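Structure record follows, encoded as structure tokens.
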């Protein structure tokens with residue numbers, strides 16, 4: 027007898043900034059590997075870069091944990107029907123929180139393949155490891171990496187990884203403007 031197929035995964039995204047960044051990365055990889063799986067993420071997280079990356083995925087819904095129980099029930103019911111959901115306070119946060127630099131960064135359009143390659147490289151995989159994993163040639167993966175670097179305006183690996191890290195860790199943790207600031 028085959029195991030049951032999972033249609034929807036509901037997760038609470040919480041923890042330290044490093045744990046949230048790691049778990050976000052795992053959710054993004056899971057959405058790549060199982061594109062039919064709908065994922066509902068409930069979180070207090072206020073990291074605009076991470077939330078934007080999650081929100082760009084067509085099968086990932088974002089719910090703010092500070093929503094009322096009734097709103098959360100409505101959002102979950104909608105997600106269970108297969109719809110992509112972004113709860114009202116999360117949508118408002120995403121709409122109003124982008125800084126001019128983030129708006130400019132969002133204008134840089136990386137392809138899905140380029141995003142995927144950068145995600146694996148950021149995890150410490152080599153170009154040849156990524157090529158093996160994705161069943162592509164090393165030249166193809168290298169081209170995706172080079173195109174990403176050109177689009178992001180970085181000249182070498184150090185600048186590339188610094189740019190990727192800055193998307194997660196460029197704000198102090200203990201201020202109201204921090205993406206990790208939690209309101210209760």
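Residue numbers (the numbering used here): 27 to 210.
The beta-carbon is built from N, C-alpha and C at its ideal position, and this holds for glycine as well.
Computed from a predicted model, the values in this text were never measured in an experiment.
*Consult DSSP for residue 89 and reduce its assignment to one of helix, strand or coil.*
strand
*Straight-line Cα distance separating residue 30 from residue 40*: 28 Å
*Does DSSP put residue 136 in a helix, a strand or coil?*
In the structure shown, residue 136 falls within a coil segment according to DSSP collapsed to helix, strand and coil.
_My output table needs one value for residue 176: the three-state DSSP class, helix, strand or coil._
helix
*Could you tell me which uninterrupted beta strand (DSSP E) segments, each at least 3 residues in length, are contained entirely in the segment 50-128, listed from first to last along the chain?*
Runs of the beta strand (DSSP E) lying entirely within the segment 50-128 and spanning at least 3 residues, in chain order: 64-69, 86-90.
*Is residue 140 buried or exposed, if buried means 16 or more other CB atoms sit within 10 Å of its CB?*
Counting other Cβ atoms within 10 Å of its Cβ, residue 140 reaches 16 or more and is therefore classed as buried.
*Give the DSSP-derived three-state secondary structure of residue 36 in the structure shown.*
strand
*Coil, strand or helix - residue 181 by DSSP*: coil
*Contacts around residue 129, its chain only, beta-carbon distance under 8 Å, and the 5 residues preceding and following it disregarded*: Interpretation of residue 129 is limited by its pLDDT of 47, a score under 50 that renders its predicted location unreliable; no figure is taken from the coordinates.
*Would residue 32 be called buried (16 or more neighbouring beta carbons within 10 Å of its own) or exposed?*
Burial check for residue 32: the Cβ neighbour count within 10 Å stays below 16, so the residue is exposed.
*From residue 116 to residue 189, what distance separates their C-alpha atoms?*
25 Å
*Quick one: is residue 122 buried, meaning 16 or more other Cβ sit within 10 Å of its Cβ, or exposed?*
exposed
_I'd like to know whether the C-beta atoms of residue 50 and residue 76 end up nearer to each other than 8 Å._
yes
*From the DSSP output, in three-state form, read off residue 31 for me.*
coil
_Boundaries of the alpha helix (DSSP H) in which residue 154 is found, first to last residue_ = 153-160
*Kindly list the residues whose CB is nearer than 6 Å to the CB of residue 37, restricted to its own chain and excluding five residues on each side of it in sequence; keep chain order.*
67
_Tell me the DSSP secondary structure of residue 163 in three-state form._
Correct three-state label for residue 163: coil.
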